[in-house]
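Protein chains in written order, with full-length UniProt numbering: chain A, 1 to 463; chain B, 1 to 463. The beta carbon of each residue, even a glycine, is placed where N, CA and C say it ideally should be. Report on the structure given below.
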């Protein structure tokens, strides 16, 4: 286990201690996060169901030394299929199991809801993935909330507190099952025991919603058990992340917001009796990188050109405070228009849009800057992308980033070939993998079984 | 689809119509079905969790043109780990997803219980495997019954009829979800729609135990949807197999028993309004093959030597009707002993054991013949193995076989290199794959979605 770095630096201030940023890549429908990515001439139209497409993307991320892939999910069909493919992978853990076979180092993080699958099966599938990938698996544990998701299980959503009651039970039982084949059971001895049954014991946990006797017949992986990721949240969700998460993923818009989330998480970890350093906070960032800013903007415009941008243009006009529809989207705003623009000081996107308008960018170019993306988006040169990541990282806004790309067919390679070398030159990103497991890659402490600090605490009566 | 053979021969008698037998390989703990396989000097001690071990076995089976791999499961820890590894794979569908990536033609059949997982997730995982393997997936759908399995889900087993009530609901919902992204939705058109939403519709099925709204956002695979396998059973289980199964797997001891099961299955199919030819019946057969019968017996004895055979010897003595313990296990029975042996005419194993004793085989060699195996076992030359398969196949006892091996590290290669060529010479087994999908390999009819004959019938009020 590559924990040396952690202990060396653990005396430093939490927000500036990391020497190297963590980089993950979110993968979705194998086309890209832009709704027109599938319409590009270079796109393989079968990518949504073509395992080769995601294997290629995974290998690109691995070539760039990225620490993990992240496959989110939705338990229902989202969006209008006449316009774009579903945004998410067909099935994260099935896909990751195949990707495990086609990669060697990169971490494999997949989402699975705590609301529907029995913990015995969740524990078995993620530990099996961890074992076949030789210690590279991670589980993004999320409670479902959407009524359309519950409808796919013949159910209606529970109250928020009940949702988290089940999450606590599921995560605790899964972790206990993961640890139920003890290290002390030993390795197979051809002249003795295959394993010592004295150290492979039932867990006998029964909650209000779920239960399991155990043990789970899977020995430790190279990293012991999978890493646990959770989404940044508040209230019950923040408390759960403080208790269980090794990694938390968030979507803040600004450095300030990101630092606040990170601080709240660290407090939640302390509340749960854990070292705040044990939680890595990673945030989403989207990229379209080009040789020049103009080329990057044109790459995004090639995508926008394949969608109906009347809606976004009208939205932008309203956002800038313009009274009339934008008639000439390719021309910079006129002096009269510029005189009337107003930014909403509470809205980072609005501030950015106004700034770009004042700098002379045309409405189409403002849109091409990705101002309406759900997460911060960088459209520009490799140096601009690296500047952005460096600023957030050095400000203690995050331990790392989950990169996202408009076009997966080209985006990851562009990032790996252009941005990663700049980050390495600046000493911000490791040159290759130092360890072998996802836990190594994230400098996480060892854990096997249910964290004894949690196991010994009252957990709100969940178990 | 390779259905030509089927229609050409469908006028013939059901029990002799097939020209070529189906061959599958059951894979378990990656060591072998003999409890001492892991102790052999050539065994990699890490095989239970080493994906490379099963990939090697899968590739051997594919090299031999076998139609499918079959991964059973148990939802609990079975057996004494001090003596042997668990008999079953760590997680069938996770393992098969990795194996999909390392193979190209062979079918991938995995067991998943209908008792615990929600149908939306079963449907999603198996269809995702089907899509990433380009139409090679199969689901062995079984209801769980063991109290120890239910304990791993914090539950107690239901009554038998309720168990099947849930199975009907789960299988019908899974199949309906599989078909919910209609073929008519079309292929992505970069100048038009990604898919036509008019043909991707909710299924809105709600049963007593489970339900789902749908649709499942996964387009058809190369074979449409996964193949469904079920175990040979009676009563409720037989009825369900008649309704849903494309393949049924059984463990009969004799040709007569096997023919009776096959006939009952065909009747159950007719009862369900299906063509009896649509159900392929495959039976287990275990093999240790050697250059000579002596070498094959010695290979098994090398395994037996690594276990305590006092128990089996004592069992054999009682089985043969001997009054005293067997003192000289390596010597043929004496004339006095032979005079007292009696076969139980109702028990095929007993008949075989007595026959072998009378032929002069020593008690250890009788055990090495595999007389106490749960399924028929052939220990001998390639010709003897082929004779056995030919006899069963030509007697209409089965459409094919699920091969099993004492030692997976050597058994599959021995079978592929020695037995398969003999079967091909005799015109009993295809030389390579004619089609691309599991449905092709099994000469199964096309099916997409819930079989309309089932969908339109009353199904005992399950849905």
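Simplified DSSP assignment, three categories, for residue i
i                     : result
residue 358 (chain B) : helix
residue 117 (chain A) : coil
residue 6 (chain B)   : Summary for residue 6 (chain B): the model assigns pLDDT 35, below 50, so the residue's position carries little reliability; its value from the coordinates is reported in the next sentence. Correct three-state label for residue 6 (chain B): helix.
residue 378 (chain B) : strand
residue 282 (chain A) : strand
residue 372 (chain A) : coil
residue 30 (chain B)  : coil
residue 200 (chain B) : strand
residue 19 (chain A)  : coil
residue 288 (chain A) : strand
residue 334 (chain B) : coil
residue 88 (chain B)  : coil
residue 344 (chain B) : coil
residue 402 (chain B) : strand
residue 76 (chain B)  : coil
residue 437 (chain A) : coil
residue 444 (chain A) : coil
residue 449 (chain A) : coil
residue 46 (chain A)  : coil
residue 411 (chain B) : helix
When the options are compared against residue i, the one with the closest alpha-carbon
i                     : options                    : result
residue 212 (chain A) : A:222, A:182, A:178        : A:178
residue 127 (chain B) : A:82, A:91, A:306, A:378   : A:91
residue 266 (chain A) : A:284, A:252, A:246, A:255 : A:246
residue 292 (chain A) : A:384, A:81, A:374, A:454  : A:384
residue 152 (chain A) : A:185, A:169, A:117        : A:117
residue 125 (chain A) : B:56, B:418, B:94          : B:94
residue 200 (chain A) : B:103, B:86, B:66, B:284   : B:86
residue 47 (chain B)  : B:55, B:40, B:31           : B:31
residue 189 (chain A) : B:112, B:37, B:165         : B:37
residue 192 (chain B) : A:343, A:275, A:84         : A:84
residue 233 (chain A) : A:255, A:264, A:404        : A:264
residue 336 (chain A) : A:326, A:424, A:450        : A:326
residue 164 (chain A) : A:218, A:328, A:236, A:424 : A:236
residue 344 (chain B) : B:331, B:333, B:409, B:319 : B:319
residue 444 (chain A) : A:418, A:412, A:277        : A:277
residue 257 (chain B) : B:348, B:329, B:438, B:369 : B:348
Proximity of residue i and residue j at Cβ, strictly below 7 angstroms
i                     : j                     : result
residue 416 (chain A) : residue 59 (chain A)  : no
residue 400 (chain B) : residue 22 (chain B)  : yes
residue 71 (chain B)  : residue 27 (chain B)  : yes
residue 296 (chain A) : residue 380 (chain A) : yes
residue 106 (chain A) : residue 51 (chain B)  : no
residue 230 (chain B) : residue 241 (chain B) : yes
residue 414 (chain B) : residue 248 (chain B) : no
residue 260 (chain A) : residue 239 (chain A) : no
residue 130 (chain A) : residue 137 (chain A) : yes
residue 34 (chain A)  : residue 367 (chain A) : no
residue 311 (chain A) : residue 341 (chain A) : no
residue 373 (chain A) : residue 317 (chain A) : no
residue 98 (chain B)  : residue 101 (chain A) : yes
residue 39 (chain B)  : residue 306 (chain B) : yes
Partners in chain B for residue i, counting only beta-carbon separations shorter than 8 angstroms
i                     : result
residue 139 (chain A) : Here the premise fails: no neighbours, minimum Cβ distance about 13 angstroms.
residue 194 (chain A) : 38, 81, 82, 83, 84, 85
residue 219 (chain A) : 48, 49
residue 102 (chain A) : 101
Closer than 7 angstroms at the beta carbon, the chain B residues around residue i
i                     : result
residue 121 (chain A) : 116, 117
residue 215 (chain A) : 77
residue 154 (chain A) : 206, 210, 211, 212
Partner residues on chain B for residue i, Cβ-Cβ distance less than 9 angstroms
i                     : result
residue 187 (chain A) : 45, 46
Heavy atom of the ligand SAH within 6 angstroms of residue i beta-carbon
i                     : result
residue 406 (chain A) : For the structure depicted, the ligand SAH is absent and the ligand set is empty, with no information on it obtainable.
Chain A residues whose Cβ lies nearer than 9 angstroms to that of residue i
i                     : result
residue 232 (chain B) : In chain order: nothing, as chain A lies at least about 26 angstroms away.
residue 190 (chain B) : 38, 39, 40, 41, 43, 45, 306
Under 7 angstroms by beta carbon: chain A residues contacting residue i
i                     : result
residue 131 (chain B) : 49, 90
residue 370 (chain B) : Simply none; closest approach about 22 angstroms.
Discussion item. Threshold first: 4 residues or longer. Then list the alpha helix (DSSP H) segments lying entirely within the stretch 206-267 of chain A, N to C.
Written reply: For the stretch 206-267 of chain A, whole alpha helix (DSSP H) runs of length 4 or above, ordered along the chain, are 236-244.
Worksheet item: Of the residues that make up the stretch 140-152 of chain A, which ones have a beta carbon closer than 8 angstroms to any beta carbon in chain D?
Response: Given the protein chain composition of this structure (A and B), no chain D is represented.
Discussion item. Runs of 4 residues minimum, wholly inside the stretch 167-197 of chain B: which ones carry the alpha helix (DSSP H) assignment?
Written reply: Counting only runs of 4 or more, we get nothing.
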